[in-house]
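Peer 1: Protein chains in written order, with the working numbering: chain A, 1 to 339; chain B, 1001 to 1431; chain C, 2001 to 2411. Just so you know, even glycine gets a beta-carbon here, dropped at the ideal spot from N, CA and C. Structure provided below as structure tokens; questions to follow.
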Amino acid sequence: MHRSTFYGVLAATALTAGAAGAATVDDVKERGKLNCGVSTGLTGFSAPNASGDWEGFDVAVCRAVAAAVLGDPNAVEFVPTTGKTRFTSLSSGEIDMLARNTTWTFSRDNDLKFEFAGVNYYDGQGFMVPTGLGVTSAKDLDGATVCVQTGTTTELNLADFFRKNNISYEPVPIETNAEALQQYTAGACDAYTTDASGLAANRATLENPSEHVILPEIISKEPLGPLVRHGDNEWGDIVRWTLNALIAAEEYGVTSANVADMASAPGDSPEINRMLGTEGNLGEMIGLDADWAANAIAAGGNYGELFAKNIGEDTPIGLSRGLNAQWTEGGLLYSPPFR
Amino acid sequence: MSDTHAQSVAYVRDTFIAEQAPPTREAGAVKWLRENLFSSIPYTILTLLALFVIWQLLSGFLPWLFGGVWTADSIRGCREVLDGARGGCFAVLTERWNQLLFGFSYPSSQYWRPTLALVLLFVAVAPVLFPDLPRKLLIVTLLYPFTAYWLIWGGTILVPLVALLGVVVGYVAFTYAERRGFAIGLLAAVAAAAVVWWMGGLAAENGQFLLRLTPVQSRDMGGFMLNMILGTVCVSLSLPFGILLALGRQSKLPIIKILCVAFIEFVRGVPLITLLFVANVVLAYFLPPGTNFDLILRVIIMITMFASAYIAEVIRGGLAALPRGQYEAADSLGLDYAQAMRLIILPQALKISIPGIVNVAVGLFKDTTLVSIISMFDVVGMIRGPILASTDWNGVYWELYGFAALLFFVTCYGISQYSQWLERKLATDNR
Amino acid sequence: MTSVPDSQSDGSGGFRPSMLLNDTRYRGLTFQFVALVLIIFLVGWLGMNLVSNLAAAGLNISYDFLDEPAGYDINQALIDYSSRSTHLRAALVGVINTLLVAVLGCITATIIGVTAGVLRLSKNWLVARLMSVYVEAFRNVPVLIWILAIGTVVTVSGANPREFLTRGGAVEPNSELILGAFALTNRGFYAPSVLLGPGWIAVLAALVGGIVGALLWRRHVRQTLFKHGKLLPGWPAWAILVLPALVVQLVLTPVSLSMPDVASNNFNIQGGTLIGKPLIALWLALSVYTGAFIAENVRAGILSVSRGQTEAAAALGLRPRRIMNLVVLPQALRVIIPPLISQYLNLTKNSSLAIAVGYADITATLGGITLNQTGRAIESVLLLMLFYLVISLSISAVMNVYNASVALKER
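What follows is the structure in structure tokens.
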């Protein structure tokens, strides 16, 4: 309403209109940019690198969605969020989607009114302890001091685990991962607990990784995935099927190297043809261009490539696929069919 | 004469004794030491204690500082170079220098713009701070906000130009309409400025490419630059609001007074961090659906509110310290409220309040580090976020925090020294 | 103002709309009316936005979450608390923790501040310079950086509690508890806890009696001094204070100490009282930070007492200590106390940064974990602000009463 009075001073900083609720996809297209909420810094999942570009597994999902909708994997505005601000940012419309290693839980789905578009990483909470403690099981941690990062489901799982096993502990809540690690290395806590993926990443950064061991117990289920607001099913579908396209692409052997080739003309596999838009009209059904999935895959590669590039065994984080392997290889990744 | 005298009063000397050096314990360094350090037993104990503390501090600090590593690509590199010796890993500062100062997403080819804006800031504030400088320099000060906006955010020069034009037209309209009363003048000024901004807004949209600098989004601001931006913008914005609030609190109109008191006491009663939480997680719910201020603007609004309340209290002190005669003299001249305030009261009250205002400004500038808690990447946010989270530098603390502390110390100490200089100057003026 | 005869309204007696803006009698009303309308409009507009935003997102404002189990543990709680307790109780723990660190911090900050302020005026050049460095270093660097830095110092400087452990006699510990009772570790300070057995009320009663007795003795000393000019010794006051309670304790032994236990656990010292590292770090950081500001207030207060006062007191033959106690301090205090109280207020507000060192104050529980877990941002932040507002307003009220009493004495 005060647009004219505000104009001179605030023009470039203020009032980027983005209607919450209705037709997010139209807003994104009109804006030409996808606003994607990510974490303020978790190596391997989302963190700006030395030259300031966002990198990581969650970041790759944002880029894939941007590529599917806008055709440009770089048309993303990354909005760093903390554990506290992420849900408000999403429900107030500041961001279009949240890809911030967020656990899919009942109350977040139903009470906070969010829609999880799927799971991009199956995680679970574990413990890291110094080898010198001689601890082999989390149940031996009776009386221990445990560092835990606040603002996640981690501290709830921790309380539940110790309560269930009827042993005591002393929690030390820490705001950032880096500070938790500092406390842990200084011996201010006996154990550090967070998602197992994070533990592996952290262990890799320690001075002597071999002096620390990750305990075998995984005390929780942490399906991490991108989420959107309730009430905009078209947008939810776009994010969900972009993620599915990445997973299916790995299953069918479509990679960033051969996707351009395969998308140029129909091939032998009808499923791949439908997904890449050389056959049928799946793109039209979802309200995007026919080559939406091809763009998403070309952005950074299929699921397997993204995994290997950001958090896989050849990276400092060095995670194995484990639960996150394709269903054909004993994992949980199972994309519904493209037909 | 001297002869007779010498004979009659034989015991009076007729020559001066040659000047002798004072006893060693009453001269030079020894005297100074004796008087200032070892004048009594308790003082001696205190001195020895102080020497011990200094020795402790320096023996830890100096080897760390001088044994430091300045070039390495990660903390592991530092550890290799140091090989167990004592020393800081200052390589993190050289490698992440730009990130610490400008944040991680300000385009690196454009770093000269905020730097130039900083240099211009010194030029712009100089005439305000030092009354001896030629008054014509104040024009630079008036132009500065528009220049700085254009430099830091980029885009076409038309936007700040139109804003400036609006201000100028508003001022002209005010001077013409003021004879019909202050309120009418103000109304005319606002209306005239609004018309100019509205028309200029249309023009700016069409002239996107006139003298265009690469536009930079506010969320790309970071590092110490963000602290400087927040500090300068919020302090300058909060001055006029603070004056209005102070006047409102002193006002005889009960409703206005109650509103101002409630606002000031509310804002001063809660920690800044809760106001930042409001900016971050609550404010979005109170704005019309669809509008979306970006975070930096919401934070500027909240910090400005915060600073206004504190500055209002300082100015209220200044208003209260003025002798009543000043108010009565203004009344007896037949000046109305606006004239009395503008011409008589405020110039004096503001002058008394300057040291207090500077203190608030320093406190506020330090408090801008709190934005790191709400996911903004100021210098502390950069350290706690991207830098310490990276596998390369996880584990380097003292070097980073020390650097941030040094940046703030230099700035704040400079400002507070200025404030003390000004206080001394004002104190002598009054004698 | 009302006594001025007004020619405009005299003759016509009428009221013209332009008078609303031009007549000083009505202009105030106009302004207030406009301001009120604007405020009501603004508040209404914000409220409407809130309602429509919440409706669009399918959310509501509800405080029911306060009754639900919090589900998380808190490391330092002065009242009973477990992860099954409600969010409300978690908030209460936070409130108590905030008040705890605020009170402790105010006390130590005052001690540090007064010491540093006095020493900064000392004639000892080295000490005065050292204090200047301390004051400037802490005043000119943000409190957040100091809290983070001091948190790190406390973390890396203490010994690991494992150094003290015997693990049921299996290993020889590297360090012994001081006096078998105290240990400073990087997880906090271990001390014996006090167990109150049956009859502890008798000890308490004896102690109270001792305090009353001691006060009576001091009054007696003062009266004999004024009446007979004879100065009785002061030490019996201490004897009267301590002896009764000591006797009761020795006879009945109702109060006992529980020593920290180094044998039963593999990770931590058990039993006793643990003052946790987060509390120590925050307490220390807030104390030294605020102490620097208080030092400046104290210095200004002492300098505000004119030299003539000191000289006059000396001329009367008062000894230096008495000059300080009877002449300088009472006058300096009037200048020191108002800014001192606002420093206390600042310290309390700065304690909201507790989470930076992992201390569970109200901002960390209600405004942190509870907010994160329930997503109830508006409700939590409102409650949080309300709490701080209540504290600040009560302290301001106390200060106003004090200022009023000082102002009376001034005449």
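How about Glu211(A) and Pro130(A): are their beta carbons less than 8 Å apart?
Peer 2: A contact, by the Cβ cut-off of 8 Å.
Peer 1: Under 8 Å by Cβ, that's how I've got Leu34(A) and Val65(A) pegged, so tell me the actual separation to the nearest angstrom.
Peer 2: So it is a contact: roughly 6 Å between Cβ atoms.
Peer 1: For Leu215(A) versus Ala138(A), is the C-beta distance shorter than 8 Å?
Peer 2: Yes.
Peer 1: I need the straight-line Cα distance from Leu2195(C) to Pro2254(C), nearest angstrom please.
Peer 2: Cα-Cα distance, rounded: 8 Å.
Peer 1: Please name the residue, chosen from Gly1402(B), Gly1068(B), Ala1338(B) and Lys1425(B), that lies closest to Ile1354(B) on a Cα-to-Cα basis.
Peer 2: When each option's Cα is compared against that of Ile1354(B), the closest is Lys1425(B).
Peer 1: So which residues on chain B does Ile2150(C) lean against when the C-beta distance must stay under 7 Å?
Peer 2: Under the 7 Å cutoff, chain B gives no residues; its nearest Cβ is about 10 Å from Ile2150(C).
Peer 1: Which residue wins for smallest C-alpha separation from Pro173(A), given the options Leu2231(C), Thr2370(C), Ala2360(C) and Asp2080(C)?
Peer 2: Closest by alpha carbon: Ala2360(C).
Peer 1: I'd like to know if Arg2299(C) contacts chain A, where contact means its C-beta is closer than 8 Å to some C-beta of that chain.
Peer 2: So no, Arg2299(C) is outside the interface.
Peer 1: Could you list which residues in chain C have their beta carbon closer than 9 Å to that of Asp1367(B), in chain order?
Peer 2: Near Asp1367(B) (Cβ distances below 9 Å), the residues of chain C are Pro2142, Val2143 and Leu2144.
Peer 1: Under the three-state reduction of DSSP, which class applies to Tyr1337(B): helix, strand or coil?
Peer 2: If DSSP states are grouped into helix, strand and coil, Tyr1337(B) belongs with the helices.
Peer 1: For Ser1390(B), would you say it is in contact with chain C, using Cβ-to-Cβ distances shorter than 8 Å as the test?
Peer 2: Output row for Ser1390(B): interface = no.
Peer 1: Kindly indicate which three-state DSSP category Cys1260(B) falls into: helix, strand or coil?
Peer 2: Correct three-state label for Cys1260(B): helix.
Peer 1: Using the C-alpha atoms, what's the distance from Cys1260(B) back to Glu1178(B)?
Peer 2: One C-alpha to the other measures close to 26 Å.
Peer 1: Looking at the strands, I want to know which residues DSSP matches up with Gln2270(C).
Peer 2: DSSP lists Asp2261(C) as partners of Gln2270(C).
Peer 1: Closer than 8 Å between beta carbons: that is the criterion. Which residues of the segment 2127-2141 of chain C meet it against chain B?
Peer 2: Within the segment 2127-2141 of chain C, the qualifying residues are Val2127, Leu2130, Glu2136, Ala2137, Arg2139, Asn2140 and Val2141.
Peer 1: Can at least three beta-carbon pairs, one atom from the segment 1116-1125 of chain B and one from the segment 1101-1108 of chain B, be found at a separation below 8 Å?
Peer 2: With a cut-off of 8 Å, the segment 1101-1108 of chain B and the segment 1116-1125 of chain B do not count as touching, because too few Cβ pairs lie within range.
Peer 1: Using DSSP bridges, identify the partner residues of Leu2316(C).
Peer 2: In the DSSP output, where bridge partners are listed per residue, Leu2316(C) has none listed.
Peer 1: Within 10 angstroms of its Cβ, does Glu170(A) collect 16 or more other Cβ (buried), or is it exposed?
Peer 2: Buried, by the Cβ-count rule.
Peer 1: The alpha helix (DSSP H) spanning Pro1063(B) covers which residue range?
Peer 2: That run of the alpha helix (DSSP H) goes Ile1041 to Phe1066.
Peer 1: Anything in the segment 1247-1274 of chain B with a Cβ closer than 8 Å to a Cβ of chain C? List those residues in chain order, please.
Peer 2: Under the 8 Å Cβ criterion, the segment 1247-1274 of chain B contributes Lys1252, Leu1253, Pro1254, Ile1255, Ile1256, Leu1259, Glu1265, Phe1266, Arg1268, Gly1269, Val1270, Pro1271, Leu1272, Ile1273 and Thr1274.
Peer 1: Compare the C-beta of Gln2032(C) with all C-beta atoms of chain B and state if any pair is closer than 8 Å.
Peer 2: Cβ-Cβ to chain B under 8 Å: yes for Gln2032(C).
Peer 1: Leu1245(B) and Ala1312(B): beta carbons closer than 8 Å?
Peer 2: Yes; because the gap between Cβ atoms is below 8 Å, this pair is in contact.
Peer 1: Does the beta carbon of Thr150(A) sit closer than 8 Å to a beta carbon anywhere in chain C?
Peer 2: True, the Cβ-Cβ gap to chain C drops below 8 Å.
Peer 1: Looking at the secondary structure, which residues open and close the beta strand (DSSP E) in which Glu222(A) lies?
Peer 2: First-last of the beta strand (DSSP E) with Glu222(A): Glu222 to Leu224.
Peer 1: Gly134(A) and Asn2160(C) look like a contact to me (Cβ under 8 Å); what is the Cβ gap, rounded to whole Å?
Peer 2: That belief does not hold up - the Cβ atoms of Gly134(A) and Asn2160(C) are roughly 15 Å apart, past 8 Å.
Peer 1: Mapping DSSP to helix, strand and coil, what is Asp58(A)?
Peer 2: Helix at Asp58(A).
Peer 1: Glu1066(B) touches chain A at which residues, Cβ-Cβ below 7 Å?
Peer 2: For the record, residue 1066(B) in the displayed sequence is Phe; it is not Glu. By Cβ distance, chain A contributes nothing, its closest Cβ being about 23 Å from Phe1066(B), past 7 Å.
Peer 1: Within 10 angstroms of the Cβ of His2(A), are there 16 or more other Cβ atoms? Answer buried if so, exposed if not.
Peer 2: Here the model assigns His2(A) a pLDDT of 40, short of 50, so the residue's position is not dependable and the matter cannot be decided.
Peer 1: Along chain A, in chain order, which residues have C-beta atoms closer than 8 Å to that of Thr2155(C)?
Peer 2: Here the neighbours are Gln182, Gln183, Ala186 and Ala188.
Peer 1: From which residue to which residue does the alpha helix (DSSP H) around Asp1331(B) run?
Peer 2: Here the alpha helix (DSSP H) through Asp1331(B) covers Arg1324 to Ser1332.
Peer 1: Am I right that Ala2137(C) and Phe1090(B) are in contact with their C-beta atoms under 8 Å? What's the rounded C-beta distance?
Peer 2: That belief does not hold up - the Cβ atoms of Ala2137(C) and Phe1090(B) are roughly 20 Å apart, past 8 Å.
Peer 1: Locate the beta strand (DSSP E) running through Thr2185(C), then write down its first and last residues.
Peer 2: Ala2183 to Thr2185 is the span of the beta strand (DSSP E), which, as asked, contains Thr2185(C).
Peer 1: Thinking C-alpha only, which one of Gly1385(B), Met1376(B), Gly1363(B) and Met1382(B) is nearest Cys970(B)?
Peer 2: The requested residue 970(B) is not part of the displayed model; chain B covers only 1001 to 1431.
Peer 1: Let's see if you can read the secondary structure: which residues bound the beta strand (DSSP E) around Asp109(A)?
Peer 2: Asp109(A) -> not in any beta strand (DSSP E); alpha helix (DSSP H) instead, spanning Phe106 to Asn110.
Peer 1: Ends of the alpha helix (DSSP H) at Ile1075(B)?
Peer 2: Per DSSP, Ile1075(B) belongs to the alpha helix (DSSP H) from Ile1075 to Leu1082.
Peer 1: Which chain A residues are close to Ala2090(C), counting only those with a beta carbon under 8 Å from its beta carbon?
Peer 2: What Ala2090(C) touches in chain A: nothing, since even the nearest Cβ is about 11 Å away.
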